[in-house]
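Quick note: the sequence shown uses my numbering, first residue 499, plus one each step.
What follows is a single structure, written as structure tokens, with notes after it.
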Amino acid sequence: MIYLDNNATTFVDPAVLTAMLPLLQEPLGNPSSIHFYGQQAKGIYQEALKKIALKMGVQTDEIVFTSGATEALNMLIRGSPKGKHILSSSLEHPATLESLKVSGCRVTFLDPKPGQGAISPAQVEAAIRPDTALLVFMAANNETGIQTDLEGLGSLALRYNIPLVVDGVAWLGKEVFTWPPGVAAMCFSGHKIHAPVGIGFAIIKKTFRCNPFIVGGPQQHLLRGGTEPLALIVGLVKALELLKEEDFTRMRRLRDRFEEKVCHHIPGALIHGYDQKRVSNTSNIAFPGLEGDILLMQLDRNKVAASHGSACSTGTLQLSRVLLNMDLPANQVRSSIRFSLSRLTKEEEIEEAISRLVHVSNVLMFRNLIPKREASSTVSIK
Ligand code: PLP
499 MIYLDNNATT FVDPAVLTAM LPLLQEPLGN PSSIHFYGQQ AKGIYQEALK
549 KIALKMGVQT DEIVFTSGAT EALNMLIRGS PKGKHILSSS LEHPATLESL
599 KVSGCRVTFL DPKPGQGAIS PAQVEAAIRP DTALLVFMAA NNETGIQTDL
649 EGLGSLALRY NIPLVVDGVA WLGKEVFTWP PGVAAMCFSG HKIHAPVGIG
699 FAIIKKTFRC NPFIVGGPQQ HLLRGGTEPL ALIVGLVKAL ELLKEEDFTR
749 MRRLRDRFEE KVCHHIPGAL IHGYDQKRVS NTSNIAFPGL EGDILLMQLD
799 RNKVAASHGS ACSTGTLQLS RVLLNMDLPA NQVRSSIRFS LSRLTKEEEI
849 EEAISRLVHV SNVLMFRNLI PKREASSTVS IK
């Protein structure tokens, strides 16, 4: 199987598992305990914090581990002051949208300009009100890979003195990470970078006031109660250490080659956000004349795993909210599917995926030309 759905989740890197195993196989205490095992665990925890701080260019006491980005977004959004005005966008992940809806604040969801896959700083500036107390935007869209101008938003945040919270999930592990000035908090998910599901983290700058979302213990500066999941944290550290710039360059090269060949061989194929700044691993393509669902099923039968977009909406046969909000025509949206690479995607896999995709789309196009009765629903490639 060729796996091109890495924006939904990635497979655990064997090196990550190797780093985690001793913590699961050998006696391990609770970092809060004062005995030998507890102190040993505390040492591992503090070492992990130091490594992440170094990698991300932040302080150790600015890091809060969570179960994933959904929890982190809930904490950052629902933990901020109520009753104010928040600016965000209709392109955000459901974890952000739903957290905003129950935040107790008035929220303006900005729509992008037609065809654009991100909100511009100028749009945000025009929408700022005297009571605007928070900006919440994603660094990159998980469905299209289109990047937000974080530098521009950060400088707005500084100029207007409004905290900026960023969903960094689709950005981390695809582009070189540096903390954008003006960002107050950002969150990430382990399972998008080859660590296991169940671990994520937020970086919260000291200037940002945020109340705990999960209470019940004094851990993590009282911001997130509960015993720290050490094995998952060590796996996350390893996954972060394995992120290298040359892999981002390689992914971009493979992704670009994939798009070039697909457009060459499949008439009318249209890449969403082709002319916009995109992260290195994501390709969202419309195949006019084809149904995205059928194309996905046939690709699956031919052992290529791709997806519609948001992992949460896959399987519900809904049209992509993100593409519709970009004002793309419904028939184009219906024909769109997402391919997302990871640093472990091999060159041969991309070449093979191209030829299977071209074959499948040719067969489906041909099937569309003949009366329904005679059409076969199976497409197979040797
Ligand atoms: N934000 C974005 C952009 C995502 O793609 C996802 C997951 O698909 C999330 C947030 C939620 O992450 P998690 O699965 O760690 O809760």
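No residue lacks a Cβ here, since even glycine has one placed at the ideal position from N, Cα and C.
Which word fits residue i, buried or exposed, when buried means at least 16 other C-beta atoms lie within 10 angstroms of its C-beta?
| i | result |
| --- | --- |
| Glu846 | exposed |
| Thr876 | Caution applies to Thr876, whose pLDDT of 44 falls short of 50 and renders its modelled position unreliable; the model cannot decide the point. |
| Pro525 | exposed |
| Tyr772 | exposed |
| His770 | buried |
| Pro529 | buried |
| Asn782 | buried |
| Asn866 | exposed |
I'd like the span of the alpha helix (DSSP H) that includes residue i, first residue to last.
| i | result |
| --- | --- |
| Cys761 | Glu743 to His763 |
| Thr568 | Ala567 to Arg576 |
| Gly541 | Phe534 to Met554 |
| Gly733 | Leu728 to Glu739 |
| Val514 | Pro512 to Gln523 |
Give a yes or no on whether the C-beta atoms belonging to residue i and residue j are separated by under 7 angstroms.
| i | j | result |
| --- | --- | --- |
| Gly577 | Phe711 | yes |
| Cys685 | Ala567 | yes |
| Leu654 | Val622 | yes |
| Leu633 | Leu662 | yes |
| Val713 | Ala546 | no |
| Ser834 | Gly766 | no |
| Phe563 | Phe699 | yes |
Is it the case that the CB of residue i approaches a heavy atom of the ligand PLP more closely than 6 angstroms?
| i | result |
| --- | --- |
| Asn823 | no |
| Val831 | no |
| His692 | no |
| Ala593 | yes |
| Asn640 | yes |
| Ala567 | yes |
| Ala804 | no |
| Gly698 | yes |
| Ala668 | yes |
| Asp665 | yes |
Rounded to a whole number of angstroms, what is the C-alpha to C-alpha distance between residue i and residue j?
| i | j | result |
| --- | --- | --- |
| Asp665 | Ala625 | 20 angstroms |
| Phe746 | Ile868 | 43 angstroms |
| Ala693 | Ile550 | 14 angstroms |
| Arg755 | His591 | 28 angstroms |
| Val820 | Ser588 | 7 angstroms |
| Ser618 | Gln645 | 10 angstroms |
| Met573 | Gly696 | 16 angstroms |
| Ala803 | Asp647 | 30 angstroms |
| Gly715 | Ile848 | 47 angstroms |
| Ser805 | Ile532 | 48 angstroms |
Can you find a CB in chain D that lies within less than 7 angstroms of the CB of residue i?
| i | result |
| --- | --- |
| Ser840 | Going by chain labels, chain D is absent from the structure shown, which holds only one protein chain. |
Quick one: give me the first and last residue of the beta strand (DSSP E) that residue i is part of.
| i | result |
| --- | --- |
| Asp773 | Careful: Asp773 lies outside any beta strand (DSSP E) and carries neither H nor E. |
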